[in-house]
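First comes the structure, then the notes that go with it.
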Amino acid sequence: MTLWLTRLTPSPTSRLARRELGAAAGNSLHRRVMSLFPDDDAEQARARLGVLFRIEETHRGPHVLIQSNQPPSPDRLPNGYGTLASRSLDDLLDALTPGRTVRYRCVASPVRKPGATTRALYDLPAVVALHGNAADEWWERQADKAGLKSLSVQSQPVDAVYDRPDRTERDAKPVRHHRVRFDGTATVIDPDQLRAAITDGIGRGKAYGCGLLSIAPAPDPA
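According to UniProt numbering, the residues represented by the sequence shown are 1 to 222, in order.
The following block contains the structure:
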């Protein structure tokens with residue numbers, strides 16, 4: 001199965017694009033990304049198509065990186081919204097070997113879910129957002145599961161994104177997805193585990209701009 005990486009570059013004159021790429025516009029950007037693919041069962045389409053995405057800040061403003069197992073269609077963008085450019089990730093993934101040094105980036109939602117007894121004892125919510133060293137330790141565990149040995153990590157908080165309920169759900173509250181961007185270098189330990197992590201994504205909130213793990217070759221450490 002081929003994985004595709006697509007860059008969505010919004011037009012600087014598109015008000016719709018600016019609004020949908022706003023930090024808190026989780027639902028609208030999710031819908032826009034999914035609209036670039038063939039219509040399907042909304043509950044299953046993201047997983048079936050392997051769609052992951054995140055917003056990348058550039059000197060020209062925010063762009064969207066989209067990973068999927070088929071390329072999105074430029075014809076599905078509204079007129080004047082922006083442009084799409086896709087490339088295959090096959091060569092990159094095929095070149096992964098044990099001991100290879102890579103650079104990585106992932107915007108993820110580091111959280112923990114304490115048990116019922118712990119929640120009651122310390123009056124904790126069902127999902128606890130992790131910050132600082134706790135978030136870095138969470139990332140180290142995720143990297144290990146992804147077949148990577150982390151050599152360095154730099155983390156910085158990213159604005160939270162919200163999954164806002166449909167207007168018909170009167171009592172439902174928005175779900176807040178806490179986000180942190182992790183950057184650094186790592187050594188590939190298990191290429192198959194790494195390919196699986198890249199394909200499946202990491203953590204929760206994958207429909208709302210979390211979990212896309214990107215890698216690139218890096219010089220071997222001295």
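The beta carbon of each residue, even a glycine, is placed where N, CA and C say it ideally should be.
Whose CA, out of the options, lies closest to the CA of residue i?
i	options	result
Pro-217	Ala-95, Lys-113, Val-127	Ala-95
Leu-21	Phe-37, Ile-55, Leu-5	Ile-55
Ser-73	Asp-90, Leu-89, Ser-35, Arg-48	Ser-35
Asp-111	Thr-97, Pro-219, Leu-49, Arg-141	With the sequence shown as reference, residue 111 is identified as Val, and Asp is not the correct amino acid for it. Considering only alpha carbons, the answer is Arg-141.
Gly-88	Pro-71, Leu-77, Pro-78, Asn-133	The sequence given here has Ser at residue 88, not Gly. When each option's Cα is compared against that of Ser-88, the closest is Pro-71.
Thr-144	Ser-28, Trp-4, Arg-204, Leu-194	Inspection of the sequence shows that residue 144 is occupied by Asp rather than by Thr. Checked all of Ser-28, Trp-4, Arg-204, Leu-194; the closest Cα to Asp-144 is Leu-194.
Leu-77	Asn-27, Ala-45, Ala-17	Ala-17
Ala-135	Arg-46, Ser-109, Gly-147, Thr-13	Ser-109
residue 230	Arg-19, Leu-93, His-30	Here the chain covers residues 1 to 222 and nothing more, so residue 230 does not appear.
Apart from the five residues on each side of it in sequence, which residues of its chain come closer than 6 angstroms, Cβ to Cβ, to residue i?
i	result
Ile-198	Leu-213
Ala-85	Arg-7
Arg-48	none
Any idea if residue i is buried or exposed, counting beta-carbon neighbours within 10 angstroms, 16 or more meaning buried?
i	result
Thr-58	exposed
Lys-206	buried
Gly-82	buried
Arg-15	exposed
Arg-32	buried
His-131	exposed
Gly-99	exposed
Arg-46	buried
Gly-147	buried
Mind checking which residues open and close the beta strand (DSSP E) that includes residue i?
i	result
Asp-159	148-163
Ile-198	No beta strand (DSSP E) holds Ile-198; the alpha helix (DSSP H) holding it covers 191-200.
Can you name the start and end residues of the alpha helix (DSSP H) that residue i belongs to?
i	result
Arg-18	15-20
Counting pairs of beta carbons, one from the region 57-72 and one from the region 9-28, are three or more of them closer than 8 angstroms? yes
Is there contact here, the region 144-159 with the region 65-74, by at least three beta-carbon pairs under 8 angstroms? no
Take every Cβ of the region 179-192, pair it with every Cβ of the region 94-111, and state whether three or more of those distances are shorter than 8 angstroms. yes
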